[in-house]
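Worksheet for the structure shown next.
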Amino acid sequence: MHSRPKRRGSSIAARLVVALAIVGVVGYFSTSVVGVSASSRLDRSPAIGFTNNVRVDRAEGTATGQNEPQVMVDQTGRTYVDWQSSPKGVAASSTMDGRHFTYLGNPDNATKEVGDVAWAGTTWPRVGRATPGGPKGANGVFFGTLGTGTCGAIEIRESTTVDSGGHWAPTDASCQPAQVDRDWLAAYTPKQYRGKDSATAHTWVYAEYHDFGASMIWLARSANGGATWDKVQYPAIQPGSAASQIASLATSACNTIPSGVAVDQTGAHPGRVYVIWETSDVTQNGEGCNYTQAQPFDHIFISYSDDNGVTWTSKPVFNDPCAPSPPTPPANAASCQDLSELFNSLAVDRAGDVYVAYTFRRLTERKPEYDIYVSVSKDGGNTWTRHQVTQDGSGTHYMPWLAAGGRGKVDVVYYRTAKVAGVGENNKPAATPHDSIWAVYLSQTLNGGKTWRQSKVSDANYFGDICSTGIFCGVAPSSFNWGQDRILYDDMGVAIGPDGGARVTWTDASSSWNAKSGCEPNGTAAVSCQTTHVEMACQKSGMGLYGRRISGCGKALRRRLPG
13 MHSRPKRRGS SIAARLVVAL AIVGVVGYFS TSVVGVSASS RLDRSPAIGF TNNVRVDRAE
73 GTATGQNEPQ VMVDQTGRTY VDWQSSPKGV AASSTMDGRH FTYLGNPDNA TKEVGDVAWA
133 GTTWPRVGRA TPGGPKGANG VFFGTLGTGT CGAIEIREST TVDSGGHWAP TDASCQPAQV
193 DRDWLAAYTP KQYRGKDSAT AHTWVYAEYH DFGASMIWLA RSANGGATWD KVQYPAIQPG
253 SAASQIASLA TSACNTIPSG VAVDQTGAHP GRVYVIWETS DVTQNGEGCN YTQAQPFDHI
313 FISYSDDNGV TWTSKPVFND PCAPSPPTPP ANAASCQDLS ELFNSLAVDR AGDVYVAYTF
373 RRLTERKPEY DIYVSVSKDG GNTWTRHQVT QDGSGTHYMP WLAAGGRGKV DVVYYRTAKV
433 AGVGENNKPA ATPHDSIWAV YLSQTLNGGK TWRQSKVSDA NYFGDICSTG IFCGVAPSSF
493 NWGQDRILYD DMGVAIGPDG GARVTWTDAS SSWNAKSGCE PNGTAAVSCQ TTHVEMACQK
553 SGMGLYGRRI SGCGKALRRR LPG
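Position 278 of the sequence shown, counted from 1, bears residue number 290 in our numbering, the numbering being contiguous throughout.
Following this line, the structure appears as structure tokens:
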């Protein structure tokens with residue numbers, strides 16, 4: 013999320029805000045809490061091993077400030093990483109072995125991008141096994157970012173390649189009068205086209221975002237692999253008779269954080285599109301909306317569509333248990349635990365089970381801390397069970413990101429420090445101390461969240477405070493006692509290859525540490541002395557998410573476990 017002026021909403025978005033006022037707030041408070049909190053255990057089996065960190069943006073030389081990387085793997089096993097704040101605005105690289113990278117530059121040189129990068133690809137012909145690219149068009153890769161489009165200065169630009177980044181075909185993906193913020197991408201190739209030269213041309217590409225007016229959650233879509241995009245934008249929060257749909261409309265007005273889009277590729281609901289977002293309460297919606305985040309974002313909602321995004325069913329994933337839950341109006345903001353330690357994440361496994369990851373400070377713990385949780389739905393997004401992912405004694409954990417493989421097999425990555433963050437105004441995290449040392453971790457479950465194995469991906473990548481309030485970082489009043497440093501920005505990434513092994517990418521500042529200048533955890537320089545690059549590591553041992561042991565980056569033993 014980037015600092016931009018507020019803009020007037022589109023007429024469509026404005027009408028939806030009026031519509032939610034008509035359906036009324038009463039329906040919202042009839043919604044019950046979803047799911048039962050499930051206890052999880054720490055898996056004591058050997059940790060997963062990773063290759064040494066590699067700087068992905070090395071081709072940009074002495075330039076610094078790269079951040080917010082995302083990652084994906086295509087059907088051949090090639091890994092793609094993109095990032096923002098490069099000399100080219102945004103840029104990307106690809107690799108087959110996790111060590112040697114091909115610099116792809118800016119996939120869309122026709123316009124000036126402002127960031128918020130995302131990836132998607134055609135559906136793999138064979139899940140869990142690498143497939144050659146084959147005929148041109150069989151292996152499409154889709155890159156998205158925010159840039160100048162025909163409809164305005166901040167729209168979604170999407171670029172498609174069918175030759176592993178050798179050539180790109182850029183186009184405008186959105187035409188939103190209220191402008192666009194934080195796009196996410198997903199894609200789905202119908203089964204009959206997978207692996208054929210017509211695969212890309214018949215792939216549905218979806219982009220989730222919210223606008224700068226009413227903060228509606230929207231879906232832009234292409235039915236032909238990004239060649240053209242529908243002129244109509246589809247609101248993913250739609251009014252309906254169900255209490256849960258009324259709830260999502262009423263509580264989301266002017267106040268959303270879009271957090272991911274995913275498609276069921278091979279499971280119980282093939283082609284079903286999911287989007288998630290988090291939001292605050294009705295009574296807090298007017299307090300600056302998400303531009304300041306000056307209220308706890310204490311709800312996560314999901315919408316799903318079985319007609320390629322035209323109509324939607326909205327359901328709650330998680331409501332913070334303010335007393336009572338959902339809270340009786342006016343909600344007591346001081347009692348709601350904030351979930352907006354950016355961003356949440358969404359994934360669907362091979363069987364169609366749905367996973368949502370988020371950061372949550374559970375007050376029922378003896379010593380509450382900001383931990384990572386994953387909620388799981390085994391019925392297509394209708395009901396949910398919550399599992400605690402991080403169980404490492406004590407610490408602070410931010411920015412979870414998900415990848416899913418075989419049924420019940422999930423990786424989640426995040427930043428962790430041993431320091432326990434306090435609580436500021438509206439239950440936002442308070443700043444962590446100057447000597448807080450952060451590193452990248454991955455937790456894996458192979459049984460749907462019942463047990464978790466935690467592994468360290470990188471050595472220290474950052475010290476000091478991590479701000480988690482997006483575009484309001486650095487300008488919050490000192491009385492709020494919030495974190496202020498946004499050097500890492502707001503997200504990182506994980507993806508798995510056909511081998512089932514994880515590829516993890518993150519923002520890293522450790523190369524700028526300098527004892528002589530005091531730019532170090534115990535030094536005298538401000539946290540802002542650090543500069544950043546993008547790094548990646550590849551899983552080289554342990555279990556992959558398709559049931560085989562990993563024997564190196566992009567390699568797995570032939571024997572497969574059930575799942």
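Yeah, the Cβ is synthetic: ideal placement off N, Cα and C, and Gly gets one too. Nothing here was measured: the structure is a model prediction, and the numbers come from that model.
- Inter-segment contact for the region 54 to 62 and the region 92 to 104 is absent: fewer than three beta-carbon pairs are separated by less than 8 Å.
- A direct Cα-to-Cα measurement between residue 352 and residue 322 gives close to 28 Å.
- Assignment of residue 187 by DSSP, reduced to helix, strand and coil, places it in the coil class.
- Nearest Cα to residue 350 within the set 261, 489, 274 and 331: 331.
- Spanning the alpha carbons of residue 144 and residue 88 requires a straight line of approximately 5 Å.
- When secondary structure is reduced to three states using DSSP, residue 322 falls in the coil class, being assigned neither helix nor strand.
- Under the criterion of beta carbons closer than 8 Å, residue 60 and residue 454 qualify as touching, at roughly 6 Å.
- Annotated three-state conformation of residue 248 is coil, per DSSP.
- If you look at residue 278, you'll find it isn't in any beta strand (DSSP E); DSSP assigns it neither H nor E.
- The secondary-structure analysis by DSSP pairs residue 155 across a beta bridge with 131 and 171.
- The straight-line gap separating the alpha-carbon atoms of residue 149 and residue 475 is approximately 44 Å.
- Going by C-alpha positions, residue 90 is about 11 Å away from residue 177.
- Exposed is the label assigned to residue 204, since fewer than 16 other Cβ atoms lie within 10 Å of its Cβ.
- With contacts defined by Cβ atoms closer than 7 Å, residue 383 and residue 514 do not form a contacting pair.
- Secondary structure remark: continuous beta strand (DSSP E) runs of at least 3 residues inside the region 368 to 428, in chain order: 382 to 389, 397 to 400 and 408 to 416.
- Taking a contact to require three or more Cβ pairs closer than 8 Å, the region 182 to 198 and the region 220 to 239 qualify as touching.
- Under DSSP, residue 541 takes part in no beta bridge, so it has no partner.
- Judged by beta-carbon spacing, residue 270 lies beyond the 7 Å limit of residue 312, meaning their Cβ atoms are not closer than that value.
- Taking C-beta separations shorter than 7 Å and ignoring five residues to either side along the sequence, the partners of residue 85 in its chain run 91, 507, 508, 509 and 515, following chain order.
- Distances from the CA of residue 354 to each of 551, 249, 409 and 402 were compared; the closest alpha carbon is that of 409.
- A residue is called buried when at least 16 other Cβ atoms come within 10 angstroms of its Cβ; residue 233 meets this threshold and is buried.
- Put simply, the region 440 to 451 touches the region 477 to 495. At least three CB pairs are less than 8 Å apart.
- Under the 10 Å beta carbon count, residue 182 is surrounded by 16 or more other beta carbons and is classified as buried.
- Residue 531 has 526 as its beta-bridge partners, per DSSP.
- For residue 272, the CB contacts under 6 Å within the same chain, skipping 5 residues up- and downstream, are 196, 288, 357 and 358 in chain order.
- Taken in chain order, the unbroken stretches of beta strand (DSSP E) that lie wholly in the region 206 to 241 and span 3 residues or more are 216 to 223 and 229 to 234.
- Between the alpha carbons of residue 189 and residue 158 lies a distance of about 14 Å.
- About 6 Å separates the Cβ atoms of residue 482 and residue 502, confirming a contact at the 8 Å cut-off.
- At least 7 Å separates the beta-carbon of residue 198 from that of residue 103.
- For residue 465, the uninterrupted beta strand (DSSP E) segment begins and ends at 463 to 468.
- In this structure, DSSP gives residue 124 a state outside helix and strand, which the three-state scheme calls coil.
- Between the beta-carbon of residue 267 and that of residue 227 there is about 6 Å, and that keeps the pair under the 8 Å contact cut.
- Residues 78, 545 and 546 of the same chain have their beta carbon placed closer than 6 Å to that of residue 69, with the five preceding and five following residues left out of the count.
- DSSP places residue 492 within a helical segment (H, G or I) once states are collapsed to three.
- Under DSSP, residue 360 forms a beta bridge with 366.
- With contacts defined by Cβ atoms closer than 7 Å, residue 324 and residue 248 form a contacting pair.
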